[in-house]
Amino acid sequence: MKQWLIAAYMLGAGWLLLAPSTTPSTMAAALLASAAPASEDAPASEDASTKMPGKMVFDNTESDPPFSKYAGYKDDKGKAPFDHQQHVDYKGSTCVACHHTNSKTLAVKDGVASEPVMKCTVCHTDENNKPSPAEGTNEDHKFKGVPAVEAITAYHGEESSKSSASEAGCITCHKRLEKEFPKAGKVVSCNSCHTGQDS
């Protein structure tokens, strides 16, 4: 095991020295990826953290662990479909509007993100003010050890919140862009998003 870890570290370090452009965030991601043991069940494809999902479903009953645990739901509000590509296609939208722990240069090309993207639930759980385990690379914010807003606020947003992170919430963002993008869909009730459908 020790020899494997040394070999993985050396491969990662060698790659970093030879890589054409490296930043602290890409270096850290490469080191973490090289040190992590590969799962025998994992497909030999691209890293899932860099491949952009298309249509996805925020499903509070079937996800593992259950999404409801992180969204703070006491009862089942149903599936909430989300079209990632539809949000990327809006002019003026940026990846870091939602993925706020990434650098401002985060972009997507041919369905692959320019840097690894963490799942929201790494920091945003059902516990309010839990210290963030992630270290943000966004130039405007420092995240290491900073209390993260609970999941229900992070996903939905909260106008009265002073936290810039809550601006990424679906409801807050839709309200902010309602005049500019009237077809984007006005959030009028829980069922506006929680349709219970898979797409």
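The sequence shown finishes on residue 347 if you use our numbering, and the numbering steps up by one all the way, no holes.
Using N, Cα and C, we set each Cβ at its ideal position, and we do this for glycine too.
Just tell me which of the options has its CA closest to the CA of residue i.
i	options	result
T198	D258, F230, V205	D258
H232	S340, C321, M204, T273	M204
S340	I300, K239, T269, H322	H322
K331	Q234, F206, A228, T301	Q234
V270	E263, R324, P295, S251	P295
Evaluate residue i with the Cβ neighbour count: other Cβ atoms within 10 Å of its Cβ, from every protein chain shown; 16 or more gives buried, anything less gives exposed.
i	result
A245	exposed
D297	The identity of residue 297 in the sequence shown is Val, whereas the question assumes Asp. Buried is the call here.
E263	buried
S337	exposed
Can you grab the Cα-Cα spacing for the pair residue i / residue j, in whole Å?
i	j	result
K267	T253	18 Å
V256	D346	24 Å
F230	V236	12 Å
P279	P201	28 Å
My understanding is that residue i touches residue j, with C-beta atoms under 8 Å, so please give their C-beta distance in whole angstroms.
i	j	result
H304	I319	5 Å
T242	A282	No, T242 and A282 are not in contact; Cβ-Cβ is about 19 Å, not under 8 Å.
V265	H247	5 Å
H272	A302	4 Å
K334	E326	6 Å
Less than 7 Å separating the Cβ of residue i from some heavy atom of the ligand PLP?
i	result
V297	The ligand PLP is not part of the structure shown, which contains no ligands of any sort.
Go ahead and pull the three-state DSSP assignment for residue i.
i	result
A228	strand
V260	strand
K327	coil
A255	coil
V335	coil
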